[in-house]
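Chains as they are written, first to last, in UniProt numbering: chain A, 1 to 115; chain B, 1 to 115.
Ideal Cβ positions, reconstructed from N, Cα and C, are used throughout, including at glycine.
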DNA sequence: CTCACCCGCTAGCTTTCCTTTGCATGTGCA
DNA sequence: TGCACATGCAAAGGAAAGCTAGCGGGTGAG
């Protein structure tokens, strides 16, 4: 998730697609200030827990945040999330480089066998 | 579209959402190597003109590419596209900063009038 | 036991995105 | 006049994303 090595094209698509969402941006903003557990975060952001979970799942899948269970003093299981320190540089050049590593589009060529 | 001033949160969402697509990445890759007109670009990328046009529209809307008409020697109107030299730095910090400038979510408060 | 918190999942609806197909317009050349 | 190549837009269907509502389970404190 750092700058080097550059992400593959497919990964970049996934990461950018994940970042391109208001809720998820706010989640990152909140977590970058302080790690938090699901319910707390939901209250802070003013969204439902269910909705937050969906977004956290995507953020985790993209490797932008990470989570680990923890037991609070009174024995409750809390899932703490924190931001993953990523650094991405986007320019026509870096995009172009990533684009070259994209998995080729499904060529539906009727003459060529399926592989 | 440069690094400073940073884009507003909404703009960032738009830009990232635009970049998060294989076709559009390839378009940027192709155009960063050499500007081109629609039909040519479509042939190069192996996609339909209609499809390419949709993507070009989004790229243009996000300010990532620009276009201008030109008349070829034989008098045909060609629309040349070229990449806009953007530079974006993405880190938890820059995302957080952008997140703070997002237009607040539609509060559907039954007590408050519609505006 | 009941309440207050914590965690997680899914079915279902709505909206947005992606892509194809088809039609229209204009120019130059044979 | 007909073909080749340029541009553009819109309808329509399918796929993916976003969100809500509802249900389930667990622990500790009163």
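Collapsed DSSP secondary structure at residue i in the structure displayed
| i | result |
| --- | --- |
| residue 67 of chain B | strand |
| residue 83 of chain B | strand |
| residue 62 of chain B | coil |
| residue 20 of chain B | coil |
| residue 100 of chain A | coil |
| residue 49 of chain A | helix |
| residue 43 of chain A | helix |
| residue 89 of chain A | strand |
C-beta contact flag for residue i and residue j at 7 Å
| i | j | result |
| --- | --- | --- |
| residue 66 of chain B | residue 96 of chain A | no |
| residue 42 of chain A | residue 52 of chain A | yes |
Chain B contact residues for residue i, given Cβ-Cβ distances below 7 Å
| i | result |
| --- | --- |
| residue 100 of chain A | 29 |
| residue 88 of chain A | 90 |
Contacts of residue i in chain A (Cβ-Cβ under 8 Å)
| i | result |
| --- | --- |
| residue 60 of chain B | What residue 60 of chain B touches in chain A: nothing, since even the nearest Cβ is about 14 Å away. |
Separation of residue j from residue i, as counted between CA atoms
| i | j | result |
| --- | --- | --- |
| residue 6 of chain A | residue 92 of chain B | 17 Å |
| residue 72 of chain A | residue 39 of chain A | 13 Å |
| residue 111 of chain B | residue 100 of chain B | Unreliable positioning characterises residue 111 of chain B in this predicted model, as indicated by a pLDDT of 43, which lies under 50. The coordinate reading is nonetheless provided below. Whole-angstrom Cα-Cα distance: 26 Å. |
| residue 30 of chain A | residue 90 of chain A | 23 Å |
| residue 68 of chain B | residue 56 of chain B | 13 Å |
| residue 151 of chain B | residue 21 of chain A | This structure leaves residue 151 of chain B out entirely; chain B is present only between 1 and 115. |
| residue 94 of chain A | residue 8 of chain A | 11 Å |
| residue 105 of chain B | residue 18 of chain B | 21 Å |
| residue 37 of chain A | residue 76 of chain A | 11 Å |
| residue 74 of chain A | residue 49 of chain A | 22 Å |
| residue 64 of chain B | residue 59 of chain A | 25 Å |
| residue 28 of chain A | residue 28 of chain B | 28 Å |
Within chain B, the residues that residue i reaches when beta carbons sit closer than 8 Å
| i | result |
| --- | --- |
| residue 32 of chain A | 92, 93, 95, 96 |
| residue 9 of chain A | 22, 25 |
Contacting residues, own chain, Cβ-Cβ under 7 Å from residue i (five flanking each side not counted)
| i | result |
| --- | --- |
| residue 13 of chain B | none |
| residue 10 of chain B | 102, 103 |
| residue 47 of chain B | 23 |
| residue 156 of chain A | With chain A represented from 1 up to 115, any question about residue 156 of chain A goes unanswered, as that position is not in the structure. |
Sequence-distant residues of its chain with Cβ nearer than 6 Å to residue i (five each side left out)
| i | result |
| --- | --- |
| residue 35 of chain B | 80, 82 |
| residue 45 of chain B | 26 |
| residue 15 of chain B | 62 |
| residue 98 of chain B | 9, 12 |
| residue 78 of chain B | 37, 70, 72 |
Neighbouring residues, chain A, relative to residue i (Cβ below 9 Å)
| i | result |
| --- | --- |
| residue 13 of chain B | 19, 20, 21, 22, 25 |
| residue 85 of chain B | 91, 92 |
Proximal residues of chain A, C-beta to C-beta of residue i below 7 Å
| i | result |
| --- | --- |
| residue 16 of chain B | 16, 19, 20 |
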